[in-house]
Each structure stands twice: as structure tokens, then as C-alpha cells.
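Numbering (mature numbering (1 follows the signal peptide of the UniProt record, and there is no 0)), first residue to last: -24 to -1, 1 to 182.
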């Protein structure tokens, strides 16, 4: 099995350098979730964590130890509907199960890091463009095609993971719904309710 050696210094950079991501991050009109799962976490550290980004600004954090999606930075003051963070938590717990299950495909002889970048960007015409890319140990690994409803990549392990994920009830539908509907809806909601937060740089409520 050809698996790239882990390069911790390059893992975060990889997802930022994927095509289109830098352009999306420069604009407030993008909502991206960065997922990371590790096969051998150090004692007391999470095996899975997520950061949510509105353009270049982080607004959400989650890890499997706390198991709760939480607002980050200025977004703790955003006026949200009561169920919003419960919905984020439910969605991220579902993702946690999928990511940790995927790592089992590689066995336990070595250490692996699986990352995902999922979200959407609003173009000049306000049409939402979905993004769902995955990386393994710092190299591009697989993608999700919302039109075909499949996860796929060049490596046999990517196809194995895609098949495993598709066996979960509603997994494909949830991914498609998130990318095509939930993500742009959340993005527009944040832009409407939290516009002041996007320019916030201090320690007091915007």
C-alpha cells in the first residue's frame, strides 16, 4: 500500500493551497470547514477536530473531547437561532464517526492524518460553488462529487473509504444537502446577522 509519510509541517498548508481555496479565503463570501483526524493522538489530545471559517476568519471550533460545536472569537456574540449550534454539533459528530472509521482502513502499524476541506463559496452571480476535498498525510487523496453522489480518488484506499461511507444510511444525502443547500444557507445567514463580526479585531463585542 503506497501511503505518503506524514509531514506535519505541511498538512495545514496543503488544504490552504488546494485550487480555489486561497481565492475563497480572501473573500467573506465563503464558508469552509477544515476537518482533521489522526490515527494515534497523544494522550489527552483530540483524535478529531474541526475549525469553521467565514472567509479568512475562524468562527467555529469542535473536537471529539468536548464533542460540542462552539462559536469562536467575535462569533460568540452572534445572534443565532436556538437550535443552530445543536445542528452544527450533530453534523460534526456524524463527520467524526466517518473520519475515524476511515482511518481504520490503513491499520495501526503507522500514523496517519486524514484531512478534509468542505464548504462553499458564493460567486459574483451569487451562485454557490461546493468544495469537498480530502488529503492523507499531506497529499491530495479523494473528493466528493455532489452530482454523482460518490467519494472517489485514485488510490484503492480512497475507493474503499468511499464505499464504507456510502453504507451509512443517509451519508450521501447529508453530504449533498450540506454542500448544495445547508452551506450556502448558513453562509448567507452569517453574512446577514454577523456582518460586524467580519471586521472585528478587538476583545469587546463588535
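Beta carbons: idealized from backbone N, C-alpha and C, even for Gly.
Is it true that the segment 133 to 153 meets the segment 103 to 118, where meeting means three or more beta-carbon pairs spaced less than 8 Å apart?
Enough Cβ pairs lie closer than 8 Å, so yes.
Segment contact, 8 Å Cβ cut-off, at least three pairs: the segment 74 to 92 with the segment 9 to 26
Contact holds: three or more Cβ-Cβ distances are below 8 Å.
Helix, strand or coil for residue 164 per DSSP?
If you number the chain shown from 1, residue 164 lands on position 188. Note: residue 164 maps to helix in three-state DSSP.
CB of residue 88 within 7 Å of CB of residue 79, strictly
For this step, residue 88 is matched to residue 112 along the chain shown. For this step, residue 79 is matched to residue 103 along the chain shown. Contact: yes.
Residue from 65, 40 and 73 whose Cα sits closest to the Cα of residue 137
Sequence index remark: in the chain shown, residue 137 carries index 161 (1-based). Here the closest residue by C-alpha is 73.
Taking the Cβ atom as the reference point for each residue, do residue 147 and residue 141 lie within a distance shorter than 7 Å?
The residue given as residue 147 occupies position 171 in the chain shown. The residue given as residue 141 occupies position 165 in the chain shown. Yes; because the gap between Cβ atoms is below 7 Å, this pair is in contact.
What is the DSSP secondary structure of residue 70, reduced to helix, strand or coil?
Along the chain shown, read from residue 1 onward, the residue named residue 70 stands at position 94. Annotated three-state conformation of residue 70 is helix, per DSSP.
How about residue 127 and residue 117: do their beta carbons lie closer than 7 Å?
The residue labelled residue 127 in the question sits at position 151 within the chain shown. The residue labelled residue 117 in the question sits at position 141 within the chain shown. No; because the gap between Cβ atoms is not below 7 Å, this pair is not in contact.
Starting from the N-terminal side, write out each stretch of the alpha helix (DSSP H) that is 4 residues or longer and does not extend beyond the segment 73 to 151.
132 to 142, all fully within the segment 73 to 151.
Name, in chain order, the residues that DSSP records as bridge partners for residue 47.
As a first step, residue 47 must be located in the chain shown, where it is residue number 71. Bridge partners of residue 47: 36.
Which same chain residues, not among the five before or five after residue 65, have their C-beta less than 8 Å away from its C-beta?
One-based indexing of the chain shown puts residue 65 at position 89. Here the set comprises 38, 43, 44 and 45.
Residue 163 to residue 24, Cα distance in whole Å?
As a first step, residue 163 must be located in the chain shown, where it is residue number 187. As a first step, residue 24 must be located in the chain shown, where it is residue number 48. Rounded to whole angstroms, residue 163 to residue 24 spans 24 Å at the Cα level.
Give me the Cα-Cα distance between residue 5 and residue 19, rounded to the nearest whole angstrom.
Within the chain shown, the letter at position 29 stands for residue 5. Within the chain shown, the letter at position 43 stands for residue 19. CA-CA distance, residue 5 to residue 19, rounds to 38 Å.
Go ahead and pull the three-state DSSP assignment for residue 55.
Sequence index remark: in the chain shown, residue 55 carries index 79 (1-based). In this structure, residue 55 counts as coil in the three-state DSSP scheme.
DSSP-derived helix/strand/coil call for residue 19:
Here the question's residue 19 lines up with position 43 in the chain shown. In the structure shown, residue 19 sits in coil (DSSP, three-state: anything other than H, G, I, E or B).
Whole-angstrom C-beta distance between residue 33 and residue 27, which should lie under 8 Å:
Along the chain shown, one-based indexing puts residue 27 at 51. Along the chain shown, one-based indexing puts residue 33 at 57. Not quite, the Cβ-Cβ distance comes to about 11 Å (not below 8 Å), so this is no contact.
Should residue 157 be labelled buried (16 or more other beta-carbon atoms within 10 Å of its own) or exposed?
By one-based count along the chain shown, residue 157 stands at place 181. With fewer than 16 Cβ atoms within 10 Å of its Cβ, residue 157 is classed as exposed.
Do we get a CB-CB distance below 7 Å when we pair residue 22 with the residues of chain B?
The structure shown contains no chain B; it is built from a single protein chain.
Does residue 155 come out as helix, strand or coil in the three-state DSSP assignment?
What you label residue 155 is simply residue 179 of the chain shown in a count that begins at 1. It is helical.
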